[in-house]
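Scroll down for the structure; my scribbles are underneath it.
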Amino acid sequence: MSTSANNEDGEHGFQIAPMVDIVFVLLLFFMTYQTVKEKYVEATPSGRDKSELGPPIAPITVEISADDTVTVNGKIVAVPSDHQFAELSRWLDGIRSTTTKDEPFILRASDQTRHERFVRVLATLNKAGFKRVSFS
């Protein structure tokens, strides 16, 4: 086979065309990425202005101890003998009447907590209309 007259050993030297292609693709990638990044950084979850959102809502912590005592933010609302959760229900109704926001709850239980107690507290939260409950 015939090779170039300049190189008799078969080497073709440094090819600049593939390097230009790679640089061009990287340039396009970073320009697109920057445009998408700016678009999504400015977006708010509900489409409202950031000033309308206000401060984030602090979650309400409901804890069930090993002896089945239920506390809300450190205040005892149900003792182990209380199976109807009357105090907890009254407290939840008070929260529901003072706010229109969907309050977030964190439900924590001890390792020794009975499953029945946990489910009853969760059902009480659900009955009061609170749907944003996470477990810890």
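Note that our numbering numbers the sequence shown so that position 121 is 121, with each residue one more than the last. By construction, the Cβ of each residue, glycine as well, lies at the ideal position given by its N, Cα and C atoms.
- Evaluate the contact criterion for the region 103-114 versus the region 56-67: three or more CB pairs, one atom per stretch, below 8 Å. yes
- Query: So, is Val119 buried or exposed, given that buried needs 16 or more other C-beta atoms within 10 angstroms?
  - Reply: Here residue 119 corresponds to residue number 119 of the sequence shown, with the count starting at 1. So Val119 counts as exposed.
- Query: Nearest-angstrom Cα distance between Val77 and Asp68?
  - Reply: The sequence position of residue 77 within the sequence shown is 77, counting from 1. The sequence position of residue 68 within the sequence shown is 68, counting from 1. Roughly 11 Å separates the two Cα atoms.
- Look at Ile64 and Arg132 and say whether their C-beta atoms are less than 8 Å apart. One-based indexing of the sequence shown puts residue 64 at position 64. One-based indexing of the sequence shown puts residue 132 at position 132. The answer is no: Cβ separation not under 8 Å.
- Measuring CB to CB, does Ser81 end up less than 8 Å from Thr124? Translated into the one-based positions of the sequence shown, residue 81 becomes position 81. Translated into the one-based positions of the sequence shown, residue 124 becomes position 124. For Ser81 and Thr124, no; Cβs fall outside 8 Å.
- Message: Taking the alpha carbon of Ala66 as the reference point, which residue from Ser110, Asp21, Ser134 has its own alpha carbon closest?
- Response: Against the sequence shown, residue 66 aligns to sequence position 66. Measuring from the Cα of Ala66, the nearest candidate turns out to be Ser110.
- Message: With distance defined between alpha-carbon atoms, name the residue in Ala128, Lys127, Leu122 nearest to Phe135.
- Response: Stepping through the sequence shown from its first residue, residue 135 is reached at position 135. It is Leu122 whose Cα lies nearest to the Cα of Phe135.
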